[in-house]
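Asker:
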Amino acid sequence: MSKLIDQVVKAHQPIENSALLRALIFVLAIGHAGLVMWEPTLYAQAIGGFNAVIAPLLIWSVCTGVIVGIGFVPRAWFWKLFFSPYLSFAVLCYLTIRYVWV
Numbered sequence: 126m127s128k129l130i131d132q133v134v135k136a137h138q139p140i141e142n143s144a145l146l147r148a149l150i151f152v153l154a155i156g157h158a159g160l161v162m163w164e165p166t167l168y169a170q171a172i173g174g175f176n177a178v179i180a181p182l183l184i185w186s187v188c189t190g191v192i193v194g195i196g197f198v199p200r201a202w203f204w205k206l207f208f209s210p211y212l213s214f215a216v217l218c219y220l221t222i223r224y225v226w227v
């Protein structure tokens, strides 16, 4: 179990130590939250609609983006996994691409 915890901590070090990446994730999260609040129907049409997968992933990735963006670092390894910025960043990038180019 100790090796797993060490791997989780080591995997999150690059983002925890990079203010630029944290700022990028934060801006993406706040941007998508603002787009959803401003005009949810237009946002839903632009990304292809909300469904049982996209809606929870959007909510989770915005919450995770804000948590990571402000610099909060969970102590427990399972919370580090749950609020991992890697999947959150991928979801936010996917939604940005869908919103802007598709």
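Take my numbering: the last position of the sequence shown gets the number 227, and nothing is skipped along the way.
Glycine included, C-beta positions come from ideal geometry on N, C-alpha and C.
Hey, valine 191 and phenylalanine 151: beta-carbon distance below 8 Å or not?
Answerer: Start at 1 with the first residue of the sequence shown, and residue 191 comes out as number 66. Start at 1 with the first residue of the sequence shown, and residue 151 comes out as number 26. Contact flag set, yes.
Asker: Count the other C-beta atoms from every protein chain shown that fall within 10 angstroms of the C-beta of threonine 166, then say buried if there are 16 or more, exposed otherwise.
Answerer: Locating residue 166 in the sequence shown gives position 41, counting from the first residue. When all chains shown are included, threonine 166 counts as exposed.
Asker: For leucine 146, which residues in the same chain have their Cβ closer than 7 Å to its Cβ, ignoring the five residues on either side in sequence?
Answerer: In the sequence shown, residue 146 corresponds to position 21, counting from 1. Once the five neighbours on either side are set aside, the close Cβ partners of leucine 146 are Ile140.
Asker: For leucine 129 and phenylalanine 197, I'd like the C-alpha separation in whole angstroms.
Answerer: Counting from one through the sequence shown, the residue named residue 129 turns up at place 4. Counting from one through the sequence shown, the residue named residue 197 turns up at place 72. If you take the alpha carbons of leucine 129 and phenylalanine 197, they lie about 21 Å apart.
Asker: Can you give me the start and stop residues for the alpha helix (DSSP H) that tryptophan 202 sits inside?
Answerer: For the purposes of this step, residue 202 is identified with residue 77 of the sequence shown, where counting begins at 1. Per DSSP, tryptophan 202 belongs to the alpha helix (DSSP H) from 202 to 207.
Asker: Roughly how many angstroms lie between the CA atoms of tryptophan 163 and isoleucine 172, to the nearest whole one?
Answerer: Within the sequence shown, the letter at position 38 stands for residue 163. Within the sequence shown, the letter at position 47 stands for residue 172. Answer to the nearest angstrom: the Cα atoms are 15 Å apart.
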